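Going by the working numbering, the letters in the sequence shown line up with residues 1 to 257, in that order. Scroll down for the structure; my scribbles are underneath it.
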Amino acid sequence: MELTGSQVFMYGALASLIAGSATSLGALPIFFMKKTMTEKQLDMALGFAAGVMLAATMFSLIVPAIDLGGITITAIGIIVGAVILELMDTFAPHEHFLKGHEGPNMALVKKVWLFVIAITLHNFPEGMAVGVSFGGGTTDMIKNGIVVATAIGIQNIPEGTATAVSFLKAGYTKKQAFWYSAFSGWVEPIGGVVGAGFIVLMRPALPFFLALAAGAMLYVISDEIIPETHSHGYERAATFSLIFGFLLMMTLDNALG
1 MELTGSQVFM YGALASLIAG SATSLGALPI FFMKKTMTEK QLDMALGFAA
51 GVMLAATMFS LIVPAIDLGG ITITAIGIIV GAVILELMDT FAPHEHFLKG
101 HEGPNMALVK KVWLFVIAIT LHNFPEGMAV GVSFGGGTTD MIKNGIVVAT
151 AIGIQNIPEG TATAVSFLKA GYTKKQAFWY SAFSGWVEPI GGVVGAGFIV
201 LMRPALPFFL ALAAGAMLYV ISDEIIPETH SHGYERAATF SLIFGFLLMM
251 TLDNALG
């Protein structure tokens, strides 16, 4: 079975919407929490999410890119993806929950929108990875897309919880924390549409765009998530959570693939 261009676009957009919606599922527990999560629990949840993302990046983006286009195209794509995220990270003002403000000094930009920009930078490449992963339209690429969407959805659950709790710690109400966290997941379908659209228009460039999405994901893992999990003295717990998430996603990828 091979999907048409419109079907690839539809699958990519729908899968990224479902994966992004998992963030809302992860944010729901804040309504029932009597106490917020500890810093250690937050770091472990984000470490687990990073491990899942890392495995999905390796086995569902980089490996297919190498198989389809070779090492050179894959390496170029990874570098381009990382550079694009670096430029966005440098020139878009945003606020990390732990590291604080980054980017140009824009005192008039409300803090909440700095959070929103940071979340957008984080989740957009995840959605793009889902959209791109369906690109070939073949049976194998459909399975690959399902694996990537599943991985993103799994890691979005603890990430949604951690994000919502972080909003609570920043002084927002539970309702605000839930909706802002949910919004962070809804950014992903935008990335999914962009990724799927690129592939529909330029299907021969699939290996490059798989690698580009991988580079963006690697940047997010290294620049955003891991530093966040290593800022409270719980590096070991966060590291082993990352390894567990990686092993879980590796097993799932093998089972579905």
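Note that beta-carbon positions come from the ideal geometry of N, C-alpha and C, so glycine has one too. A quick note: this is a predicted structure, and the numbers were derived from the prediction, not measured.
When DSSP states are grouped into helix, strand and coil, Phe32 belongs to the coil group.
Nearest C-alpha to Gln41 among Trp186, Phe134, Thr163: Thr163. Straight across, the Cα-Cα distance linking Ala45 with Glu39 is about 10 angstroms.
The alpha carbon of Thr161 has as its nearest neighbour, out of Gly185, Gly171, Ile71, Thr150, the alpha carbon of Gly185. Assigned with DSSP and collapsed to three states, Tyr234 falls in coil, not helix or strand. Distance from the CA of Gly131 to the CA of Ile243, rounded to the nearest whole angstrom, comes to 26 angstroms. For the 8 angstroms CB-CB criterion, Met141 and Gly135 form a contact. DSSP places Gly5 in the uninterrupted alpha helix (DSSP H) bounded by 5–27. Nearest to Arg236 by C-alpha distance, out of Ile66, Val52, Asp43, Gly20, is Asp43.
Restricting attention to alpha helix (DSSP H) runs no shorter than 4 residues, the stretch 152–193 encloses none. Assignment of Gly145 by DSSP, reduced to helix, strand and coil, places it in the helix class. Three or more Cβ pairs closer than 8 angstroms define a contact, and the stretch 216–232 meets that threshold against the stretch 71–90.
Phe208 and Gly195 do not touch by the CB rule: their CB atoms are close to 12 angstroms apart, not below 8 angstroms.
With respect to the 8 angstroms criterion, Ala13 and Gly192 are classified as neighbours on the basis of their beta carbons.
Going by C-alpha positions, Ser16 is about 30 angstroms away from Gly171. Taking each of Ala19, Phe59, Leu54, Leu25 in turn and checking the Cα distance to Ala255, the smallest one comes out for Phe59. A distance below 7 angstroms between beta-carbons, with the five flanking residues on each side excluded, links Val165 to the following residues of its chain, in chain order: Ile30, Thr36, Met37, Leu42.
Here the C-alpha atom of Ala205 lies approximately 29 angstroms from the C-alpha atom of Ser21. Annotation for Gly81: the continuous alpha helix (DSSP H) segment containing it runs 63–91.
Cβ-Cβ separation between Ile152 and Leu25: approximately 13 angstroms, too far for a contact (criterion under 8 angstroms). DSSP, reduced to helix, strand and coil, places Thr38 outside both helices and strands of the structure shown, so it counts as coil. Put simply, the backbone Cα of Thr23 is about 11 angstroms away from that of Val187.
Each residue's CA atom was taken as its position, placing Pro189 and Phe32 some 28 angstroms apart. Rounded to whole angstroms, the separation of the alpha carbons of Leu252 and Phe48 is 14 angstroms.
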